[in-house]
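Enquirer:
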Amino acid sequence: MPVDLLHPTAEQEARTHKLKRLVQSPNSFFMDIKCPGCFQITTVFSHAQTVVLCGSCNVMLCQPTGGRARLTEGCSYRKKGRGETPLLIGCMTSVSAMITSGPTLLDELAATSRTSG
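Number 109 in our numbering belongs to position 104 of the sequence shown; there are no gaps in the numbering.
Structural data, given as C-alpha cells:
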C-alpha cells in the first residue's frame, strides 16, 4: 500500500514527533480556563509544572503531571490561537516595537509620563 510522504493526513501529522513533522510545531499551548465557582477566566500553560489556583476564589484549576497539566473536574477550557499571546509576551513585543520605531514614539511616551506624574 503506497504512502504519500509529501502530503500526510492530519491524523498522521498529529501522531508524529514534534521535530519530525513536515513543519515543526510544538505540542504545548496556552489555554483559557474558566473557574467552575466564580466563572473567572485564567490563562494557563498546557504543560504547567505548578498547581494553578483561581485568583479570586482560590479553587485549584489544574495540577501538574509528568506532561500535560490535569484540569480539575468541572473546569472548561479553550485553546488560545497562535495569534493570541499572553500579556507578558504581548508587552515585550510592544516594547521592542517602540524601541525600533524611533525616537518620536519614545519622546511621546516620556512626555506623557512627565505630565501624568
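Each residue gets a CB set at the ideal place from its N, CA and C atoms; glycine is no exception. Computed from a predicted model, the values in this text were never measured in an experiment.
Comparing C-alpha positions only, which one of Gly72, His22, Thr47 and Glu16 sits nearest to cysteine 80?
Expert: The shortest Cα separation from cysteine 80 among Gly72, His22, Thr47 and Glu16 belongs to Thr47.
Enquirer: Using the three-state DSSP reduction, which class does glutamine 17 fall into: helix, strand or coil?
Expert: Helix.
Enquirer: Alpha carbon to alpha carbon, how far is valine 8 from valine 100? Give it in angstroms, no decimals.
Expert: Low confidence applies here, because valine 100 scores a pLDDT of 42, under 50, leaving its location unreliable and the question unanswered by this model.
Enquirer: Name the two residues that bound the continuous beta strand (DSSP E) containing leucine 11.
Expert: Looking at the DSSP string, leucine 11 is not in any beta strand (DSSP E), and its letter there is neither H nor E.
Enquirer: Whole angstroms is fine: what's the gap from glutamine 17's alpha carbon to leucine 27's?
Expert: Those two C-alpha atoms are separated by around 11 Å.
Enquirer: What's the C-alpha gap between cysteine 40 and proline 69?
Expert: Using only the alpha carbons, I get a separation of about 17 Å.
Enquirer: Measure the alpha-carbon distance for serine 51 versus leucine 58 and round it to whole angstroms.
Expert: Near 14 Å, if we compare the C-alpha coordinates of leucine 58 and serine 51.
Enquirer: Rounding to the nearest angstrom, what Cα-Cα distance links methionine 65 and serine 30 in this structure?
Expert: Roughly 30 Å separates the two Cα atoms.
Enquirer: Could you give the distance in angstroms between the alpha-carbon of alanine 74 and the alpha-carbon of methionine 6?
Expert: So the two alpha carbons sit approximately 39 Å from each other.
Enquirer: Among Glu78, Arg20, Ala53 and Leu76, which has the Cα closest to the Cα of serine 33?
Expert: The residue with the shortest Cα to Cα distance from serine 33 is Ala53.
Enquirer: Bridge partners for cysteine 67 per DSSP, in chain order?
Expert: In the DSSP output, where bridge partners are listed per residue, cysteine 67 has Val57 and Leu76.
Enquirer: Here's a check: name, in chain order, each residue in its chain whose Cβ is nearer than 8 Å to the Cβ of cysteine 5, leaving out the five neighbours to either side.
Expert: Past the edges of the chain, shown from 6 to 122, lies residue 5, and the structure says nothing about it.
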